[in-house]
Amino acid sequence: MRLQIEGSQAVARAVAACRPHVICAYPISPQTHIVESLSRIVKSGDLPGCEFLNVESEFAAMSVAIGASAAGARAYTATASQGLLFMVEAVYNAAGLGLPIVMTVANRAIGAPINIWNDHTDSMSQRDSGWIQLYAETNQEAADLHVQAFRIAEELSLPVMVCMDGFILTHAVEEVDVPSTEQVDAWLPPFEPRQVLDPDEPVSIGAMVGPEAYTEVRYLGHLRQMQALELIPQVAADFEAHFGRSSGGLVRPYRLEADGKPVETVVVALGSVLGTIKDVVDERRANGESIGVLGITSFRPFPMDQVREALAGVRRVVVLEKAFSIGIGGIVSSNLRAALDGLPLEIRTVVAGLGGRPITIASLHAMLDRAVGEGGGLEPLEFLDLDHDLIARELARQQTGRRSGPAAENILKDLGAVRATPF
Amino acid sequence: MTEQVKFYQVGSFAVGNRLLPLEVRSIQSDPGRSNALTSGHRACQGCGEALGARYAVDAAMRGADGKLVAVNATGCLEVFSTPYPETSWQMPWLHSLFGNAPAVAAGVAAALRAKGREDIRVLAQGGDGGTVDIGFGCLSGMFERNDDVLYVCYDNEGYMNTGVQRSGATPPTALTQTTQAVGESPGNPFGTGKDVPRIAMAHEIPYVATATVADLHDLEAKVTRAMQLRGARYIHVLVPCPLGWGSASQDTLKVARAATQSGLFPVFEAERGEVSAVSQIRRQVPVEDYLRLQSRFAHLFAPGREEARAKLQARADRNIERYGLIGPHTEALPGPAEDNPAEDSPHEEGTP
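Line order of the protein sequences matches chains P and G.
Using the numbering used here, the final residue of the first sequence is 423, and nothing's skipped along the way.
Using the numbering used here, the final residue of the second sequence is 775, and nothing's skipped along the way.
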């Protein structure tokens, strides 16, 4: 049903349409609207056979999901930021146990400094947890990915994290064709667990495994993600055939050819910023520039072959990332490098949008002007709209004496006020 | 062995007594018991936890007509029962993490409710570390939501699986590897620790009980009672650990009995936050009799440690007073407990 609807509400309705048995919730912005909405749906009796648990922490939320899933229930929770980090031990555990839980991550920065706004630092920190990670570009895709996520998770016995940009998507009201219960019923098979706590066929789940078999058990987790590389596009195609729209898949190529040849420059990104990038690329194409976009929907498993295929013949790749690995730089770009090993192309990392800093069309144009211009291009690692003067002043303060105080507070004082206008 | 074998279980509720009428025999004495935690596991000789778990789980199995799911926190019980690829659990059993057993169990219960399978019951279990420390937030959450879970804590008063370190359930003066018997106040300090059965009662959940492996029939009866109820239920079982306590492996029951008969470990039941029954002391023993059985308290018998011993006796006396552990059938120590010399010793404040 087409509705003008907030992203969180659309996701909540899509999740409800999947008829989860257990939903566990702990509030954290910007995820909270999703579970608030699900709470209303369950409490009003619109989702019979579903238990909604208000738990005391995100660690408990994931733990409840683990218990529920192991008991054969379709389990769902949602979190963000500090909440995701608070549940990390259980996040890894769910993947290690092979429990097909679906979780929304409403992407948000990590403190300190505390910051409630969007970037990808939270979910990127869990890239090695064993969860499948799908990144939504739009609210339509966010809603659809949840329906696909249950199918992928349950077929492979692996948990799936659907990542959607906090506020930018969760709080944006736009038109979404919300999957209905009838549609989903006809498309999503009932959950048939591979392992279940059943008194009629008792099994022990979560036994201690030593060096004699730990590698094999972990390898199976990797193997299932490799199987996901096959399954994710199949599920996306099947979804499109049933629902009549394209959502999900591994990668999203956009205008990667010009005059029948690969474009010179490709911007690679994940999530909602792809919309802005596509607008920028359209403008530059209109001016005759040879440039395209590659969106990565599935970050785990990382689609090595599809990325390589999409970028073969390209001269320059600019990876726009909403997170980075402190001490080395780009996360997406390091993964990309592995996929592009041996290809004659230049890879540049631009870290952008941290802690909710807007990624504007003007900034992207300025950055791309330099990337393709005569001035030698971009540095290997850059930070979009970084305020060098502000940093220089704080570094100077730190030189004046030992007790220069907390850096974040110094910088806020320097700015004079929390800046509300775009940078 | 020249020890005389006594048959004084006759007419008592002691374990395994097949001379008793059928209806009052222990579940464990029934050849048809479920053996949910079966033999062959890797627990130490004399392990109180293995013994307690065997009785508690089989009683819960009977209370659930065999339809029981167990969730286990990380710890000795988990490690000794499931060395891959073997398992001692003849029941559906799930281990997730150290600190989340109450929440995982709540998830299992929610799943069963959602699927209309409330005939299947849920048991969660963990040691004192997993319960009173790292899993405490999840435990309190499970209590306040009144999730339909019976949680059994096997309390051996420390982190024994990791090599005997202090937990929030370690008693004052006890030697652990992180509360060494050195310095002016050797062992675990006074004025620390928490009384989780009382905290559980403060949640006003349907049922809270304490028990020990000294009275396994009582443990079975409490599990049986708990299984008659729905909602969050908590049983805190004192289980001596020969390794961590430095007690002889054949003395596990004796040590547990001394804990109850000295008053150090009060055995009671509470419903909806109110104490409903108390196991009064039969033959009171001085706290020193309990301490002497365990090398973790050996430093208390060095010269100049009389005050520390008196403070421990005062803790026992406080329990005796609080729960009314001395009654008409108690064979008490000479002189009323209130007049014990320990009364003159300074009481630590805020200690359970």
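Every residue, glycine too, gets a C-beta built ideally from N, C-alpha and C.
Handout entry: Alpha-carbon spacing of glycine 669 of chain G relative to proline 609 of chain G, whole angstroms
Key = 16 Å
Handout entry: isoleucine 23 of chain P - DSSP class collapsed to helix/strand/coil
Key = strand
Exercise for the section: Please confirm whether valine 662 of chain G and asparagine 584 of chain G have their CB atoms less than 8 Å apart. Expected result: no
Exercise for the section: Could you tell me which chain P residues have their CB closer than 9 Å to the CB of arginine 568 of chain G, listed as they occur along the chain? Expected result: Leu53, Asn54, Val55, Glu56
Problem - CB contact below 8 Å: proline 515 of chain G versus chain P - result: yes
Exercise for the section: Could you name each continuous beta strand (DSSP E) segment of 3 residues or more that falls completely within the segment 477-540 of chain G, going from the start of the chain to the end? Expected result: 491-495, 516-518
Exercise for the section: Figure out for me which residue from P/Arg393, P/Leu85, P/Val160, P/Ile152 has the closest Cα to the Cα of serine 57 of chain P. Expected result: P/Leu85
Exercise for the section: Consider the Cβ of cysteine 50 of chain P: report whether some Cβ of chain G lies at a distance smaller than 8 Å. Expected result: yes
Exercise for the section: Answer yes or no: do valine 448 of chain P and valine 64 of chain P have a C-beta to C-beta separation smaller than 8 Å? Expected result: Residue coverage of chain P in this structure runs from 1 to 423, which leaves residue 448 of chain P outside it and unanswerable.
Practice task
Report the residue from P/Leu256, P/Gln306, P/Glu216 whose alpha carbon sits nearest the alpha carbon of tyrosine 507 of chain G.
Solution key: P/Glu216
Practice task
Have a look at the DSSP bridge pairing and note the partners of arginine 348 of chain P.
Solution key: P/Val318
Problem - Nearest neighbour of phenylalanine 324 of chain P, chosen from P/Leu294, P/Phe150, P/Glu382 [CA to CA] - result: P/Glu382
Problem - Residue-level contact to chain G via CB, serine 63 of chain P, 8 Å cutoff - result: yes
Problem - C-beta neighbour in chain G for leucine 197 of chain P, strict 8 Å - result: yes
Problem - Given 8 Å, three or more beta-carbon pairs between the segment 32-43 of chain P and the segment 190-203 of chain P - result: no
Exercise for the section: Decide if the segment 60-78 of chain P is in contact with the segment 529-543 of chain G; the criterion is three or more beta carbon pairs, one per stretch, under 8 Å apart. Expected result: yes
Handout entry: Terminal residues of the alpha helix (DSSP H) in which arginine 308 of chain P lies
Key = 304-311
Exercise for the section: Taking valine 196 of chain P as part of the beta strand (DSSP E), name the residues at either end of that continuous run. Expected result: Run containing valine 196 of chain P: none; DSSP gives neither H nor E here.
Exercise for the section: Would you decide whether phenylalanine 52 of chain P is buried or exposed? Buried here means 16 or more other CB atoms lie within 10 Å of its CB. Expected result: buried
Practice task
Let me know if histidine 518 of chain G comes out buried or exposed under the rule of 16 or more other beta-carbons within 10 Å of its beta-carbon.
Solution key: buried
Handout entry: Neighbourhood of proline 380 of chain P by C-beta, 7 Å cutoff - its chain only, sequence neighbours within 5 removed
Key = Arg348, Thr349
Exercise for the section: Pick out the complete beta strand (DSSP E) segments inside the segment 541-575 of chain G, 3 residues or longer, and give them in chain order. Expected result: 544-550
Exercise for the section: Using DSSP bridges, identify the partner residues of valine 15 of chain P. Expected result: Valine 15 of chain P is not bridged to any residue.
Problem - Interface flag, glutamate 89 of chain P vs chain G, CB-CB below 8 Å - result: yes
Exercise for the section: Going by CA-CA distance only, name the one from G/Val619, G/Leu639, G/Asp571 that's closest to leucine 535 of chain G. Expected result: G/Asp571
Handout entry: CA nearest to the CA of phenylalanine 59 of chain P, picked from P/Asp46, P/Arg74, P/Glu289, P/Ala80
Key = P/Ala80
Handout entry: Opposing strand residues paired with glycine 295 of chain P [DSSP bridges]
Key = P/Arg252, P/Ala269
Handout entry: tyrosine 431 of chain G in three-state terms, based on DSSP
Key = With a pLDDT of 47 at tyrosine 431 of chain G, under the threshold of 50, the modelled position of this residue cannot be trusted; read the value that follows with caution. Coil, per DSSP.
Problem - Test item: CB-CB of isoleucine 66 of chain P and leucine 99 of chain P under 8 Å - result: yes
Handout entry: Whether leucine 500 of chain G touches tyrosine 577 of chain G by CB criterion (8 Å)
Key = yes
Exercise for the section: Within its chain, find whatever has a CB closer than 7 Å to the CB of glutamate 627 of chain G; leave out the 5 residues flanking it on each side and keep chain order. Expected result: Arg695, Gly696
Practice task
Could you name the residues of the segment 196-227 of chain P whose beta carbon sits closer than 7 Å to any beta carbon of chain G, in the order they occur along the chain?
Solution key: Leu197, Asp198, Pro199, Pro202, Val203, Ser204, Ile205, Gly206, Ala207, Met208, Val209, Gly210, Ala213
Handout entry: Sufficient close CB pairs (3 or more, under 8 Å) joining the segment 464-481 of chain G to the segment 666-683 of chain G
Key = yes
Exercise for the section: Spell out whether any CB of chain G is found under 8 Å from the CB atom of isoleucine 41 of chain P. Expected result: no
Exercise for the section: Taking aspartate 481 of chain G as the reference, give the member of G/Val619, G/Val646, G/Leu714, G/Thr554 with the closest Cα. Expected result: G/Val646
Exercise for the section: Starting from the beta carbon of alanine 655 of chain G, find every residue of chain P whose beta carbon is closer than 8 Å, and list them in chain order. Expected result: In chain order: nothing, as chain P lies at least about 13 Å away.
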